[in-house]
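Each remark here refers to the structure printed beneath this line.
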Amino acid sequence: MTDQGEATATPASGVEMLHVEAFDASQVRPWKFHNRTGSGMDEASISALAASIKRDGQQQLGLARRLPRGDTHLVEAIFGVRRLEACRTAGVPWRAEVRDASFSDAQCAALMHGENEWTEHVSPLENAVQWKALLDAGVFVNQSALAAQLGCHRGTVSRAVRTATALFAEDWLARLVRPVMHEFTGRSADRLADVYAEGTRRQAARRRAQQLKPGEVAANELYDALFAARGERVRWQTVFVRRKGRAGGGVVAAKIQRSDAGGWSVAVRPHEQTPGEAAELAEQVEALLARETADASGVRLGRRLALSLTGDEAREADRGWLEGCLWAMARASGLHWDRLRCAAVADVLRRQPEGWEQAVARAVGGSDGDPAGQ
């Protein structure tokens, strides 16, 4: 059963008609070239979106293409597959703009690419796998034709297809990549593909892969787990993690890790964070930055002052207000100033005996310095 919506324009207007219909989820199947293979498709994410749709309605339309008569389904979902699954879970119809069956796969690919450009919830590797599938199926005659249709550089397509080809060339690597492909950045996917294609470490990596279970190694750790030399391998320690679903044992929605080489990694799925969770994660990152950049705290405060105030504003500001601003900016920069120090710095910023820039420089001259120059 479908409900047909009203078109937004008439044929006489010269504007393309927009047909919006609502479908029972059982009447819809995903397009075979869709690229939503993992991003936001886990149980916890779908359940959260389903609850939102049930409460507020489907805020964003999908795109559907009609199927020929006699098919097992009425339409296929070109994009909006995640919304489709959420509507199925919520038990409500899926709403989509509907295109005729004559709408080509190439046209569908272009519209999907455009939607992904601004939703940003699909990983570069998921896109790369889709592009390779479109080329393998002959939807586009070559990479240049695909790039032209999508409106991107041919080199981008070439690099992506090369990466997808390498990472799924052999089962031992593909089985570890596939469960976490939605986590890959473009750089981490390219790095893993390059070392595989180079070949000299492949045999040792294959032996290591036999000891690993699919999904247990995060995307940013696969290179080290498989290809890093014995003394080169970096080990990661998790300092913060948030999981969604399954009583805290579900998919990782946010994670902060530190390597034994002194590096940090922050992985987050923004669309799965509530405002409170996003704020907590921001606080974790700010605290991390404050610790790691303690030597630059004064510089950070100086930049905040220069961006937030002008000399005239500081000179004319209420003293209590200026002291409060200084206290907040100092704390945010990793400086634990007391009231007396904030008062002394505020006095320098208000008087500006040598100009605004010199006043700021004196104010941030070090957490142990005397801002009054005495």
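Residue numbers (this note's numbering): 65 to 438.
Beta carbons are placed, not taken as given, at the ideal position from N, Cα and C, and that holds for glycine.
Taking C-beta separations shorter than 8 angstroms and ignoring five residues to either side along the sequence, the partners of residue 99 in its chain run 176, 180, 186, 190, 191, 193, 194, following chain order. Going by beta carbons, residue 82 and residue 161 fall inside the 8 angstroms limit. CA-CA distance, residue 404 to residue 342, rounds to 34 angstroms. Assignment of residue 277 by DSSP, reduced to helix, strand and coil, places it in the coil class. Counting only runs of 4+ residues, the alpha helix (DSSP H) found wholly inside the region 130-184 occupies 145-154, 169-183, in chain order.
Buried is the label assigned to residue 227, since at least 16 other Cβ atoms lie within 10 Å of its Cβ.
In this structure residue 130 does not touch residue 84 by the C-beta definition: roughly 14 angstroms separates them, more than the 8 angstroms allowed.
Membership of residue 387 in the alpha helix (DSSP H) is indicated by the continuous run 383-396. Spatial neighbours of residue 424 in its own chain (CB-CB distance under 7 angstroms, excluding positions within 5 residues in sequence) are listed in chain order as 366, 369, 370. Beta-bridge annotation (DSSP): residue 126 is paired with 160. Residue environment: residue 398 is assigned as buried (16 or more neighbouring CB atoms within 10 Å of its CB, all protein chains considered). Just measuring C-alpha positions, the residue of 389, 219, 214 sitting nearest residue 407 is 389.
If you ignore the 5 residues before and after residue 329, its C-beta comes within less than 6 angstroms of the C-beta of 284, 321, all in its own chain and listed in chain order. By the beta-carbon neighbour count (other beta carbons within 10 angstroms, threshold 16), residue 275 is exposed.
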